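Asker: Handing you a structure now.
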Amino acid sequence: MEKKKYAIATLGCKVNTFEAESINEAMKERGFIEVDFKEYADIYIVFTCAVTNTAASKSRQKVSQANHCNPDAIICVVGCYVQINADKLQEDERIDILVGSSGKYMIPDLIQRAFEERNKIVHVNNVLKDVKFDLLPINMFNHHTRAFLKIQDGCNQYCSFCIIPYARGKERSLDADEVIHQARQLAENHHEIVLSGIHTGRYGINSEVDLTTLIKRILKEVSIARIRISSIEVTEITDEFIDLMANNNRLCKHLHIPIQSGSDAVLKRMHRPYTIAMFKDKVKEIRKKIPSISISTDLIVGFPDETDQEFVESMDTMKELKLSFMHVFPYSAKDGTIASKIKPIVSSQEKKHRVSIANSVSMRLYYAYMTSFVNQEVDVLIEKSDETSASGYTSQYVKVIVDTPVTSNKIVKVICTHFKDDTLHGKVVEENVVESIV
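Have a look at this one:
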């Protein structure tokens, strides 16, 4: 009997990437053959995102793409978009399987059942009541040099603009012993793991093992060159955490700290639990102990009732903070959130204008930070290579292109020579420096 082919499309965050790779591994173990999502397959699995309207639209487009490739295929749609739109999606005759934000480990079994029954299968639980952390085993990432490790799920913060607490449910954490086990598995094939979660800094909030304690265990018990934190809130960065990062070279010197707005008035309407002064003080404290650290952020512009003056305040804050780069998003209303009811709204035209200004500020900050590495030596984890060059990322998550081919998944020492086309370029001065790190 010919083996069935499957394809996976993954949208959204690093947690989705981890979950999709775990299912990818499980499908291969059952004898299915992976193909590209653009190709003909017997099964299409779409890991959806609902954090923005654009992400939701892309999720729907992937369903259409799968149906176009093979109208007779089993289409399995998974994740946040399903969790908050299950009723609507049940009416879509193209979809065979719907899985919300829990029970994803069941996907291979549900696919097998779909082939046998050919009836629509819906597995969408109430994630606001379900506090169980689904265990998704994984050994390696076939399509990534860096390995993502999901240690936390859910969010209890309920920012006024965000749908994720409703889509992902209550905060829950992976048991520390299981984190160590999975980290060891991943370390056999990867030099860097990225600790990921919906609200990573809240790891172990209901136990004695917090994020800093967990990282200490990984550093002690897992032989891996790099440990990266995917994202962390400013209120969760403790003095102990900063000291640990400052004093251990295996901890990547990059923190993504979402600010969302540089105006206190807007932050209050967003229900964010800090002030701009608190954010500035924390960044100053981090830089005092880790001068070369890269600090990036997320910024929403055009939030309901954001005045011209509040937007100017936000830009002034960004310029003062001198972050390494910003992910800029125009506000998009999500039904069911508090912010969707705030008036007046900022026009689409004005939001586009503000996005353009914010991106210009971001590019200036990015240029200033990147050029500070010229003539500096950095360690680069090579991710891509061809016959003439290779590229990868530093501890600070700075992309560097080198002018010689280097095997991917190697850490090499590079001297940065110049900045061109928004990217640092350099020359390899030492290969295979992992042994000196671990």
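Numbering of the sequence shown is given in this note's numbering, commencing with residue 354 and proceeding in unit increments.
We put the CB at the ideal spot given by N, CA and C, even for glycine.
Predicted model only: the values in this text are computed from it and were never measured.
1) With V654 and V708 assumed to form a contact (beta carbons below 8 Å), what rounded beta-carbon distance in angstroms separates them?
2) Alpha carbon to alpha carbon, what distance is there between H421 and I551?
3) Within 10 angstroms of the Cβ of H771, are there 16 or more other Cβ atoms? Answer buried if so, exposed if not.
4) Among the candidates P518, S513, R525, K356, whose CA atom is the shortest distance from the CA of S614?
5) Between A599 and the rest of its own chain, which residues show a CB-CB distance below 7 Å, the 5 nearest in sequence each way excluded?
6) I believe V699 touches P657 by the beta-carbon criterion, under 8 Å. Please report the beta-carbon distance rounded to the nearest angstrom.
7) Look up C402 in the DSSP assignment and say whether it is helix, strand or coil.
8) Would you identify the three-state DSSP class for E736, choosing helix, strand or coil?
9) Which residue wins for smallest C-alpha separation from I517, given the options I504, V681, C366?
10) How should S417 be labelled, buried or exposed, when 16 other C-beta atoms within 10 angstroms of its C-beta is the threshold for buried?
11) When you compare only the Cα positions, how much space is there between R717 and T690?
12) Is it right to say P683 is buried, meaning 16 or more other beta carbons lie within 10 angstroms of its own, or is it exposed?
13) Name, in chain order, the residues that DSSP records as bridge partners for I768.
14) Under 6 Å Cβ to Cβ from L481, same chain only, skipping five residues before and after it: list those, please.
15) Could you check how far apart the C-beta atoms of Q436 and V475 are, in whole angstroms? I think they sit under 8 Å.
16) Taking Cβ to Cβ, would you say H607 is nearer than 9 Å to I648?
17) In its own chain, which residues sit with a C-beta less than 8 Å from the C-beta of Y427, not counting the 5 before and 5 after it?
18) What does the Cβ neighbour count give for S410, buried or exposed, with the cut at 16 atoms within 10 Å?
19) Cβ atoms of I533 and I580: under 9 Å apart, would you say?
20) Do you know how far the Cα of T565 is from the Cα of L620?
21) Quickly, what does DSSP pair Q505 with across the bridge? List them, please.
22) Got a sec? Which residues, its chain only, sit under 6 Å from N762 by beta carbon, not counting five neighbours each side?
23) Can you name the residues that DSSP bridges to P683?
24) Alpha carbon to alpha carbon, how far is F400 from S412? Give it in angstroms, no decimals.
25) Nearest by alpha-carbon distance to P461: which of C429, Q538, D483, R471 is it?
26) On a CA-only basis, which of S549, K473, S616 is nearest D506? Give me that one, please.
27) Just list the residues that DSSP pairs R579 with in beta bridges.
28) Which residues does DSSP pair with H607 in a beta bridge?
29) Along the chain, where does the beta strand (DSSP E) containing K641 start, and where does it finish?
30) So that I know if they touch, is there some Cβ in chain C lying closer than 9 Å to that of R603?
31) Tell me which same chain residues have a C-beta within less than 6 Å of the C-beta of A362, skipping the five on either side of it?
32) Is S701 closer than 9 Å to F664 when the C-beta atoms are compared?
33) Judging by CA-CA distance, which residue of T724, Y719, I754 is the nearest neighbour of I735?
34) Helix, strand or coil for A394 per DSSP?
35) For T363, which residues does DSSP report across the bridge?
36) Can you tell which of E392, A403, T405 has its C-alpha closest to the C-alpha of N423?
Answerer: In brief:
1) Within the sequence shown, the letter at position 301 stands for residue 654. Within the sequence shown, the letter at position 355 stands for residue 708. Sure, about 6 Å apart at Cβ, within 8 Å.
2) Against the sequence shown, residue 551 aligns to sequence position 198. Against the sequence shown, residue 421 aligns to sequence position 68. Spanning the two alpha carbons is a distance of roughly 32 Å.
3) For the purposes of this step, residue 771 is identified with residue 418 of the sequence shown, where counting begins at 1. Exposed.
4) Position 261 of the sequence shown, counting from 1, holds the residue named residue 614. Comparing Cα-Cα distances from S614 to each of P518, S513, R525, K356, the minimum goes to S513.
5) On the sequence shown, residue 599 is found 246 positions in, with the first residue counted as 1. Here the set comprises K642, I643.
6) Translated into the one-based positions of the sequence shown, residue 699 becomes position 346. Translated into the one-based positions of the sequence shown, residue 657 becomes position 304. About 7 Å separates the two Cβ atoms, so the contact holds.
7) Here the question's residue 402 lines up with position 49 in the sequence shown. Coil, per DSSP.
8) As a first step, residue 736 is located in the sequence shown; it is residue number 383 there, counting from the start. DSSP places E736 in strand when its eight states are reduced to three.
9) In the sequence shown, the residue the question calls residue 517 occupies position 164. Closest by alpha carbon: C366.
10) As a first step, residue 417 must be located in the sequence shown, where it is residue number 64. Exposed.
11) As a first step, residue 717 must be located in the sequence shown, where it is residue number 364. As a first step, residue 690 must be located in the sequence shown, where it is residue number 337. Cα to Cα, R717 sits roughly 33 Å from T690.
12) Taking the first residue of the sequence shown as position 1, residue 683 is located at position 330. By the 10 Å Cβ count, P683 comes out buried.
13) Residue mapping note: residue 768 aligns to position 415 of the sequence shown, counting from 1. In the DSSP output, where bridge partners are listed per residue, I768 has E730, K780.
14) The count along the sequence shown starts at 1 and reaches residue 481 at position 128. Only G522 meet the Cβ criterion.
15) Translated into positions along the sequence shown, residue 436 becomes position 83. Translated into positions along the sequence shown, residue 475 becomes position 122. Between V475 and Q436 the Cβ distance is about 12 Å, and since that is not below 8 Å, they are no contact.
16) Indexing the sequence shown from 1 puts residue 607 at position 254. Indexing the sequence shown from 1 puts residue 648 at position 295. In contact: H607 and I648 (Cβ atoms closer than 9 Å).
17) In the sequence shown, residue 427 corresponds to position 74, counting from 1. Residue 427 is actually Ile in this sequence, not Tyr. Once the five neighbours on either side are set aside, the close Cβ partners of I427 are D395, I396, Y397, D449, I450, I464, A467, F468.
18) The sequence position of residue 410 within the sequence shown is 57, counting from 1. Classification for S410: exposed.
19) Taking the first residue of the sequence shown as 1, we reach residue 580 at position 227. Taking the first residue of the sequence shown as 1, we reach residue 533 at position 180. No, they are not a contact pair.
20) The count along the sequence shown starts at 1 and reaches residue 620 at position 267. The count along the sequence shown starts at 1 and reaches residue 565 at position 212. Rounded to the nearest angstrom, the two C-alpha atoms are 27 Å apart.
21) Residue numbering aside, residue 505 sits at position 152 when the sequence shown is read from its first letter. DSSP, once it has assigned bridges, lists S526 as partnering Q505.
22) In the sequence shown, counting from the first residue as 1, residue 762 sits at position 409. Same-chain partners within the cutoff: T498.
23) Taking the sequence shown and counting its residues from 1, the one referred to as residue 683 is at position 330. In the DSSP output, where bridge partners are listed per residue, P683 has V654.
24) Start at 1 with the first residue of the sequence shown, and residue 412 comes out as number 59. Start at 1 with the first residue of the sequence shown, and residue 400 comes out as number 47. Those two C-alpha atoms are separated by around 8 Å.
25) As a position in the sequence shown, residue 461 is number 108, starting the count at 1. Nearest C-alpha to P461: C429.
26) Here the question's residue 506 lines up with position 153 in the sequence shown. Closest by alpha carbon: S549.
27) As a position in the sequence shown, residue 579 is number 226, starting the count at 1. According to DSSP, R579 bridges with E545.
28) The residue given as residue 607 occupies position 254 in the sequence shown. DSSP output for H607 lists S647 as bridge partner(s).
29) Along the sequence shown, one-based indexing puts residue 641 at 288. First-last for K641: 629-642, but that is the alpha helix (DSSP H), not the beta strand (DSSP E).
30) The question asks about chain C, but that chain is absent: this structure has only one protein chain.
31) Position 9 of the sequence shown, counted from the start, is the residue given in the question as residue 362. Correct list, in chain order: F390, V399, K415.
32) Here the question's residue 664 lines up with position 311 in the sequence shown. Here the question's residue 701 lines up with position 348 in the sequence shown. The answer is no: Cβ separation not under 9 Å.
33) The residue you call residue 735 lines up with position 382 of the sequence shown. Checked all of T724, Y719, I754; the closest Cα to I735 is I754.
34) Start at 1 with the first residue of the sequence shown, and residue 394 comes out as number 41. Correct three-state label for A394: coil.
35) Here residue 363 refers to the residue found at position 10 when the sequence shown is read from its first residue. Partner(s): F400.
36) Counting from one through the sequence shown, the residue named residue 423 turns up at place 70. Nearest of E392, A403, T405 to N423, Cα basis: E392.
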